[in-house]
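Beneath this line is the structure, given in structure tokens, with notes to follow.
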Amino acid sequence: MVFEDHASTTDCAFETEQAVPAQRASWSFRSARPAAANATPVQSPRQTLKNSISCTGIGLHTGFRVSMTLHPAAPGSGVVFRRSGPHGVALIPALWTHVKDSRQCTVVGNDDGVTVATIEHLMAAVSAMNIDDLLIDINGPEVPAMDGSAAPFVFLIECAGVTAHLPSQPAAAPRTAIRILETVTVSHNGAEATLAPTSGNGLNVAFEIEFAAAAIGRQSTSVQVSPAVFKNQVSRARTFGLIDDLPKMRAAGLARGGSLENAVVVNGADVLNEGGLRYPDEFVRHKVLDAVGDLALAGRPIIGAYHGTRSSHALNTALLQALFAKPSAWVAVDAATGLPLADQPMAAEPLRAIA
Ligand SMILES: [Zn+2]
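Its first residue numbered 93, the sequence shown is counted upward by one per residue in my numbering.
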């Protein structure tokens, strides 16, 4: 099945992420430690797609037309991009350890310089829909922007269907999650991102933004992430940008594929898109969407409470770096029950089941 988007080539939009350059940032860390739960041997199965499914669209920043196919993948393989191009075929895990750039969007790559950009909206849909193992064929350098939100990717996943790996399958692995045990915070230039322990059994994402543009202003929201909540309350929120930022972004080679078809464009108090906003607070909901996508690069679901204040892709990436730099801050648990298992290695080598 092919979902063809309707991206326009009109040059009038872009994405603003209040980003800070990851390479130049100096992060600060804080932590506080609560008690851990007792171990119980409970397991739930990992999930993948029932069928392959494809889409075609324009990359937001590169402007390139790209085809992408989501395939079922073997248990334990994780989410992996299989990027084809003049260089041949490269396998790139969707993991925080493979992030190469996070200034305007999240870019993963391998050591040979092959990259896939703007993965965050796709990754948000994949993780929120509880997909653990997925092979993503892509023939260009950037995930298609589609309509600027994660809704087209949720649609693709629902059309393909979601299925649990059977325990009898070879190499079947339990569905593990990461339970946050200690609060970890990173901050930079007044922006802050935190992961804290929660008494719940899922991921809560809270976000605050403040823009001078009156159409955005100050917005905050909090979402307990589940497939239904993500689909209905978050997935349709589009990326956005300020019209005044367009010239410098274009000068930097960004937003070449941006248009009113795949971004909300703000000019002071006005939203330039015909039809206006999809949610009254669409802007902060999109920042929640971005955070869900960035946190998906942990490689496993996170059980904890995220709080972002004007956070960016760069700060979210730094948050995962800070979390995994501190082994006492998290523990591997069964994703269904939230109870600790005997820890397993991070899916740092997810290619074994795909190669
Ligand atoms: Zn975004």
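Glycine is no exception: its CB is placed at the ideal position from the N, C-alpha and C atoms.
Under the three-state reduction of DSSP, Met341 is assigned to helix. In chain order, the residues with a C-beta atom nearer than 5 Å to some heavy atom of ligand 1 are Thr331 and Asp382. Assignment of Ser146 by DSSP, reduced to helix, strand and coil, places it in the strand class. With fewer than three CB-CB distances shorter than 8 Å, the segment 266-281 does not count as touching the segment 350-369.
Taking Ile223 as the centre and dropping the five residues before and after it, the same chain places the C-beta of Gln139, Thr140, Leu141, Val171, Ile249 and Val254 closer than 8 Å to its C-beta, in chain order.
Distance check between Asn408 and each of Gly345, Thr277 and Pro372 places Thr277 closest, using alpha-carbon atoms only. The straight-line gap separating the alpha-carbon atoms of Phe156 and Gly201 is approximately 18 Å.
For Gly385, the enclosing alpha helix (DSSP H) covers residues Glu374 to Leu387. If you keep only unbroken beta strand (DSSP E) runs of at least 3 residues inside the segment 254-321, you get 254-256, 268-272, 275-280, 283-288, 295-302 and 310-316. Between His399 and Thr286, the beta carbon gap of about 5 Å places them in contact (Cβ cut-off 8 Å). Under DSSP, the beta-bridge partners assigned to Glu234 are Ala209. In this structure, the beta-carbon distance from Val317 to Gly294 falls below 8 Å.
Residue pairing of Val357 in beta bridges, as defined by DSSP: Gly333.
Looking only at Leu214, Pro236 and Asn324, the smallest Cα-Cα distance to Phe245 is reached by Leu214. By the Cβ neighbour-count rule, Val181 is exposed, with fewer than 16 other Cβ atoms within 10 Å of its own. The Cβ-Cβ distance between Asn359 and Ile335 falls below 8 Å. Residue environment for Gly345: exposed (fewer than 16 other C-beta atoms within 10 angstroms of its C-beta).
Comparing alpha carbon positions, the residue from Ser420, Arg271, Val423 and Ala410 closest to Arg195 is Ala410.
Across the structure, Thr198 and Asp373 are spaced so that their CA atoms are roughly 23 Å apart. Between Gly391 and Asn143, the alpha-carbon positions lie close to 22 Å from each other.
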